[in-house]
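Residue 468, in the numbering used here, is where the sequence shown stops; the numbers in between run on with no holes.
The C-beta atom is built at its ideal place from N, Cα and C for all residues, glycine as well.
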Amino acid sequence: MNPQANLIFIISLILGTTITISSNHWIMAWTGLEINTLAILPLISKSHHPRAIEAATKYFLTQAAASALVLFSSMTNAWHTGQWDITQLTHPTSSLILTSAIAMKLGLVPFHFWFPEVLQGSPLTTGLLLSTIMKLPPIALLYMTSPSLNPTLLTTLAILSTALGGWMGLNQTQIRKILAFSSISHLGWMAIIIVYNPKLTLLNFYLYSMMTATIFLTLNTIKVLKLSTLMTAWTKIPSLNAMLLLTLLSLAGLPPLTGFLPKWLIIQELTKQDMAPAATLISLLSLLSLFFYLRLAYCTTITLPPHTTNHIKQWRTSKPTNITIAILTTMSVMLLPISPMILTIV
């Protein structure tokens, strides 16, 4: 793609996200969402492969339907209350329609079918944008409307998302699809706590974005898309692969690593809200996704594929590791000890 065109699309993405997260009026928030959708479409379909074109079409149709629902819910609310302010979403029907629209935007169950397909058809860098920055405007809208949302509905969506995100990722061999189901599972954790403690949702989203960015950038550096190629990629940059193992375990939420922090805080908050059964259920369901993270980690560093022929292995042939990946990897693994400081910032 032409670098100037690429720059325009990236600037449009940043502009659309900024407009949505800083607006008070529903029409401005909707405008930001539309700019975002239109800016990401060329980035999804830039390879001109039929799968990429299909992914762009699916993305456009689902996001257009979700945007129409956002507009419909805000108009219904304005009709009943005379308010276009985002924080004044008080009408129950409007909040129900908005929850459905945001679930469709994010890819929460039962509106999740488009997300793995779109991520599979996109390049790794675009997949990174879809998994992180494109989730920020809908989560910001949920954050602003959180007092008037329906807790029962969100808890149901969250538990279903964690269950299906873990369950459907079990049998995958394509890494982008595994990361898509991982994203759906993490969104379940964010959705269950948004009504009770919205700041925890934002903290979870920031840490999830950081760990996902690390994994996508690492995979982009070692040029890996499938589990079978991941097994032989350890010879390229062995140290980076070892850190990829730790980042995957962090994304799974294992205790000494950064990813344990949001899960720990969410379980604590749910227990305070007398939702111990929901906390127990979502914790048990996250074991499903732990299985495919362990599978990825196993393929990354622990297995050697069986060889019938002798061949020369690649050894440190890639360019040196990017400083961004080094910083992100360190943060993805080692932030748990400074969690009290993180909590004072948030």
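- Secondary structure note for M256: it is in no alpha helix (DSSP H), with a DSSP letter that is neither H nor E.
- G229: not part of any alpha helix (DSSP H); DSSP gives it neither H nor E.
- Beta-bridge analysis with DSSP links Q296 to K348.
- H213 is bridged by DSSP to nothing; it lacks a bridge partner.
- Annotated three-state conformation of H202 is helix, per DSSP.
- Residue pairing by DSSP places H147 opposite D207 in a beta bridge.
- CA-to-CA, the gap between A262 and S268 works out to about 10 Å.
- DSSP places G375 in the coil class of the three-state scheme, outside both helix and strand.
- Going by DSSP, I424 is part of no alpha helix (DSSP H) at all; its letter is neither H nor E.
- A distance below 8 Å separates the beta carbons of W236 and G229.
- Cα atoms of I389 and P245: separation of roughly 35 Å, rounded to the nearest angstrom.
- The straight-line gap separating the alpha-carbon atoms of S189 and T425 is approximately 45 Å.
- The alpha-carbon of F182 is positioned some 17 Å away from that of H171.
- Under the three-state reduction of DSSP output, K168 falls in the coil class, being neither helix nor strand.
- Only buried fits M332, as 16 or more other CB atoms lie within 10 angstroms of its CB.
- The residues F233 and L279, in chain order, have a CB closer than 7 Å to that of A225 in the same chain once the five nearest residues on each side in sequence are set aside.
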